[in-house]
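Undergrad:
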Amino acid sequence: MAQATARHILVSSEEQCAALKTEIENGRDFADAAREHSSCPSGRSGGDLGAFGPGMMVKEFDEVVFSAPINTVQGPVKTQFGYHLLEVTSRT
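Numbering-wise, the sequence shown is residues 1 to 92 according to full-length UniProt numbering.
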């Protein structure tokens, strides 16, 4: 069974999500941005979600995590919770 590790930043607006993505692409540390802006409790740990398998996260999240390139920031990804930036850190 596939497993992945990822980190994310959850915000309420697509605009804020896109702005954070630009900041990260221009050199801002992902974990620092997560600690400052993410509304998810994982923000305190730099957005780290740990390891999980398919079906353990919402569908939109799974689609990105199990197909996107590793160590590349993806998003904005809209879910029922808001807008996410996702970075897959490993996948087996």
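No residue lacks a Cβ here, since even glycine has one placed at the ideal position from N, Cα and C.
Along the chain, where does the alpha helix (DSSP H) containing Asp48 start, and where does it finish?
TA: From DSSP, Asp48 is part of no alpha helix (DSSP H) but of the beta strand (DSSP E) over 48 to 52.
Undergrad: Within 10 angstroms of its Cβ, does Ser12 collect 16 or more other Cβ (buried), or is it exposed?
TA: It counts as exposed.
Undergrad: Could you pull the start and end residues of the alpha helix (DSSP H) that residue 95 belongs to?
TA: Residue 95 is absent from the structure shown; the chain starts at 1 and stops at 92.
Undergrad: Roughly how many angstroms lie between the CA atoms of Asp29 and Ile70, to the nearest whole one?
TA: Using only the alpha carbons, I get a separation of about 16 Å.
Undergrad: Could you give the residue range of the beta strand (DSSP E) that holds Ala6?
TA: First-last of the beta strand (DSSP E) with Ala6: 4 to 11.
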